[in-house]
Amino acid sequence: MKKFLTFLLVMVSAVFLMTACSQKAEEKAAEAPAENATEAAAPAASTEPIKIGVAGAHSGDLASYGLPTVNAVKLYVDEVNKNGGIDGRQVELYIEDDVCKPEVATNTASKLVSDKVVAVIGHICSGATKAALGIYKDANILVISPSATNPALTQSGEYPNFLRTIAPDDAQARLEVDFALNTLNIKKFAVLHDKGDYGKGLAEFAKSFLDNSSVEGVSVVLYEGVTPGAVDYSAVVQKIARSGAEAVIFGGYHPEASKIVTQMRKKQINIPFISDDGVKDDTFIKVAGEFAEGVYATGPRDTSTNPLNIKAVEEHKAAFQADPGAFFINGYSAAMAILNAIDKADSTDYEAVSKALRTEYVETPLGSISFDERGDAIGVGFSMYQVQNGAYVELK
Amino acid sequence: MDYFLQLFLSGLTRGSIYALIALGYTMVYGIIQLINFAHGEIYMIGAFTALIVASVLGIMGFSGLSILILAGIAAVIYSSAYGYTMEKIAYRPLRNAPRLSPLISAIGMSIFLQNYVLLAQTSDFLPFPALIPEFEFIKPVSHIMSSAELVIILSSAVIMVLLTLFIKFTRMGKAMRATAQDKKMALLVGIDVDKVISMTFIIGSSLAALGGILIASHIGQINFYIGFIAGIKAFTAAVLGGIGSIPGAVLGALILGWTESFATGYVSSDYEDVFAFALLVLILIFRPAGILGKSTAQKV
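One line per chain: the protein sequences are A and B, in this order. All residue numbers for the first sequence refer to the UniProt record's numbering, where the first residue is 1 and numbers rise by one. All residue numbers for the second sequence refer to the UniProt record's numbering, where the first residue is 1 and numbers rise by one.
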């Protein structure tokens with residue numbers, strides 16, 4: 001028994017040693033590009049380099065959300081440095097991994113603060129971002145996230161140093177409600193969701209926007225969650241018919257949406273069906289077939305024809321021989337926005353840069369963007385799409 | 001009143017589907033005291049077979065009703081083959097093992113079949129053609145009931161009557177009842193118990209396949225995971241009615257369907273499952289063997 005225990009102990013410690021080693025190796029690998037940048041910058045810079053932090057999930061299961069932003073920032077900063085930098089100063093990157101874990105994110109933030117960065121591009125996940133924000137706030141460091149969509153991050157007003165180049169979750173609900181009220185002139189709504197975090201969150205926002213709407217006579221006549229994967233939704237559909245709703249707003253994903261739409265149309269309930277980007281998916285049209293026709297869904301504004309967008313994607317393909325991943329464009333735009341603001345402010349002073357971000361418009365792959373008082377990007381957002389002849393068409 | 005009728009009919013439709021699947025659970029349990037957790041997957045395989053056959057026939061230019069019949073036959077044959085094989089490789093070798101072993105084998109079978117279909121087909125939802133012919137009722141009825149619902153309710157009823165007749169009046173039915181009562185004595189009087197058990201699996205699988213094709217053409221989509229929830233609900237229905245009892249399974253399924261439908265209609269669909277399972281708990285407290293189940297003293 002004793003022998004066995006010793007053996008176990010040795011094995012366990014061996015495993016720990018190995019992971020520790022590999023972690024060090026990874027850190028080194030991650031730091032390498034930053035060091036290169038420093039070397040390149042040193043001879044050319046007449047003044048001190050501008051230090052920018054890049055934080056997010058660069059390892060672990062969510063790395064695919066964080067690494068595209070690292071690539072995007074590197075691509076853009078390389079180009080800026082090649083063209084002489086900002087006001088003659090080179091840009092230096094400090095890339096730190098937070099694995100999308102709040103407890104790691106606080107360490108990451110402290111590290112970047114001690115590195116004396118001017119601004120941070122990141123973090124990636126809403127939870128990690130929230131954990132890190134307090135530390136940056138105390139150190140007067142601007143944070144610009146390409147992907148943290150939690151509405152409270154900007155709306156709570158707690159973090160004046162936080163901005164983002166992605167629309168918050170409630171923007172979709174806002175668009176759905178405004179569209180239904182102003183374009184379709186609907187008064188009575190059935191709001192449904194799939195009981196999930198995403199779908200229920202959207203439905204709650206939609207309901208509160210409708211309840212607080214200034215338009216007269218607007219009411220939510222039905223607010224319910226359906227069971228995902230249930231055999232049949234005909235009872236819910238009957239309820240929609242009985243409630244007298246003039247439109248359905250649904251928060252959730254396409255499998256439930258297609259079932260509900262199909263059963264509604266089969267029961268001759270031909271009221272508008274408005275949903276979110278979980279439904280703006282070609283699978284929805286494939287599954288719901290003819291019944292998908294006329295369904296409204298919000299989705300990220302289509303910027304793939306923007307020349308800057310095309311250029312950024314091509315740069316990525318040239319540099320990495322692969323298509324960019326999630327939030328690449330948002331990360332690229334975040335880097336453009338922050339460096340543009342430093343350029344316009346002619347300093348790295350927190351107040352000046354923060355003001356420039358909120359007053360100056362900058363051309364990015366997402367279009368011409370600026371930031372509102374709360375820190376949400378103006379000009380970034382969602383569009384309403386409608387299924388017409390078997391394809392989603394953006395409604396202008 | 002209209003509203004009540006609509007909910008009643010939607011509960012009846014749902015209940016009929018549950019009943020078709022629940023019969024498989026209850027028959028298998030009645031004969032070998034095994035809860036066949038892979039039964040929901042047989043239902044899913046039935047629906048997939050029907051989809052593939054229907055697509056091929058559609059391309060070849062067959063028309064609506066003939067596709068329904070041919071796809072139904074194919075689904076029944078294919079699913080029965082799966083049910084038969086499953087019993088042979090996963091349960092028969094474990095027949096004299098402790099009761100837990102075949103149960104775990106069943107769970108393994110369920111996961112295996114799900115993943116097999118996931119790999120062989122796709123994880124996406126697939127559109128299922130509306131095989132049940134659409135027709136309009138006269139005005140006052142049309143908004144209460146759709147043709148698909150009527151077809152589901154009627155065909156389930158017919159299938160269940162046929163099953164009852166089969167078990168009551170045929171030699172095989174008699175053999176099945178005998179085996180259910182006492183396997184050893186049935187063997188002694190010359191009944192081929194292995195054949196009877198295989199037959200039970202074949203019949204249960206056929207019913208599940210029919211349930212699969214009916215519901216899939218009603219709601220218009222399938223994926224590899226549909227068997228799980230339908231299986232759980234049908235299993236609940238079987239326990240509710242008294243597992244092992246055939247009329248019990250049907251009654252349990254209908255009660256479950258109505259409970260869900262009325263809970264959705266009059267309270268909120270948020271509580272659909274809450275009501276369904278609260279009912280199950282209540283009934284099991286007062287009638288541990290289920291509504292029509294007979295509580296027999298266990299031999300120790």
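By construction, the Cβ of each residue, glycine as well, lies at the ideal position given by its N, Cα and C atoms.
Item, Value
"Would DSSP call B/Q114 helix, strand or coil?", "helix"
"Excluding the five sequence neighbours on either side, which residues of its own chain have a C-beta within less than 6 Å of the C-beta of B/Q6, listed in chain order?", "I144"
"Just mark B/K233 as buried or exposed, buried being the case when its beta carbon has 16 or more other beta carbons within 10 Å.", "buried"
"Does the pairing of the segment 270-289 of chain B with the segment 66-78 of chain B give three or more beta-carbon distances under 8 Å?", "no"
"Going by alpha carbons, who is nearest to A/E48 out of A/H58, A/L67, A/K74, A/Q90?", "A/Q90"
"Which two residues bound the contiguous alpha helix (DSSP H) that contains A/Q155?", "152-155"
"In this structure, what does DSSP give as the bridge partners for residue 301 of chain B?", "With chain B covering only 1 through 300, there is no way to say anything about residue 301 of chain B."
"Anything in the segment 235-247 of chain A with a Cβ closer than 7 Å to a Cβ of chain B? List those residues in chain order, please.", "A235, V236, Q238, K239, R242"
"At the 9 Å Cβ level, is B/F166 part of the contact set with chain A, yes or no?", "no"
"Looking at the unbroken alpha helix (DSSP H) that takes in A/K200, where does it start and where does it end?", "197-211"
"For A/F291, is the classification buried or exposed, using 16 other Cβ atoms within 10 angstroms of its Cβ as the cut-off for buried?", "buried"
"Leaving out five residues on either side along the sequence, give the residues of the same chain with a beta carbon under 6 Å from the beta carbon of A/T154.", "R374, G375, D376"
"Cβ closer than 9 Å: which chain A residues qualify as neighbours of B/I42?", "Chain A residues near B/I42: none, gap ~16 Å exceeds 9 Å."
"Using the Cβ count rule (16 or more neighbours within 10 Å means buried), how would you classify A/A42?", "The predicted position of A/A42 is uncertain, since its pLDDT is 42 and thus under 50; no value can be drawn from it."
"Where A/Q388 and A/E293 are concerned, what is the direct C-alpha to C-alpha distance, given to the nearest angstrom?", "6 Å"
"Report all residues from its chain with a CB closer than 6 Å to the CB of B/G241; omit the five preceding and five following residues, and keep chain order.", "G248, A249, L251, G252, G290, I291, L292"
"Could you check where the alpha helix (DSSP H) with B/I159 kicks off and where it finishes?", "147-169"
"Which first and last residues belong to the beta strand (DSSP E) in which A/D232 is found?", "Counting along the chain, A/D232 falls outside any beta strand (DSSP E), and DSSP gives it neither H nor E."
"Would the segment 147-162 of chain B count as touching the segment 5-19 of chain B if we require 3 or more Cβ pairs under 8 Å?", "yes"
"Let me see if you follow: with CB-CB separation under 9 Å, is A/G390 close to chain B or not?", "no"
"Skipping 5 residues on each side, what residues in its chain have a beta carbon closer than 6 Å to that of B/A209?", "G46, A75, V76, S79"
"Report back the beta-carbon spacing between A/G60 and A/C100 to the nearest angstrom; my notes put them in contact at under 8 Å.", "7 Å"
"Can you list the residues of chain A that B/T13 reaches, using a CB-CB cut of under 8 Å?", "D232, S234"
"Do we get a CB-CB distance below 9 Å when we pair A/A288 with the residues of chain B?", "yes"
"Between which residues of its own chain and B/I202 is the CB-CB distance below 8 Å, once the five residues before and five after are set aside?", "S80, G83, Y84"
"Can you tell me whether B/F115 is buried or exposed? The criterion is at least 16 other CB atoms within 10 Å of its CB, across all chains shown.", "For clarity, residue 115 of chain B is Asn in the given sequence; the question names Phe instead. It counts as exposed."
"Let's see if you can read the secondary structure: which residues bound the alpha helix (DSSP H) around B/R99?", "Counting along the chain, B/R99 falls outside any alpha helix (DSSP H), and DSSP gives it neither H nor E."
"I'd like to know if A/F291 contacts chain B, where contact means its C-beta is closer than 9 Å to some C-beta of that chain.", "yes"
"Please go through the same chain and pick out, in chain order, the residues whose beta-carbon is closer than 8 Å to the beta-carbon of A/D302, but skip the five residues on each side of it.", "S383, E394"
"B/T179 CB to nearest chain A CB: under 9 Å?", "no"
"Listing by chain order, which chain B residues have their CB less than 8 Å from the CB of A/S258?", "F125, G220, Q221"
"For A/T165 and A/L142, I'd like the C-alpha separation in whole angstroms.", "13 Å"
"Got a sec, what are the start and stop residues for the alpha helix (DSSP H) B/R14 sits in?", "2-32"
"Whole-angstrom Cβ separation of A/A167 and A/A131, contact assumed at under 8 Å?", "Incorrect: roughly 22 Å between the Cβ atoms, too far for contact."
"Could you tell me which of B/L9, B/T26, B/Y3, B/F4 sits nearest to B/F235, measuring between CA atoms?", "B/T26"
"Going by C-alpha to C-alpha distance, which of B/L279, B/A178, B/I132, B/L100 sits closest to B/L256?", "B/L279"
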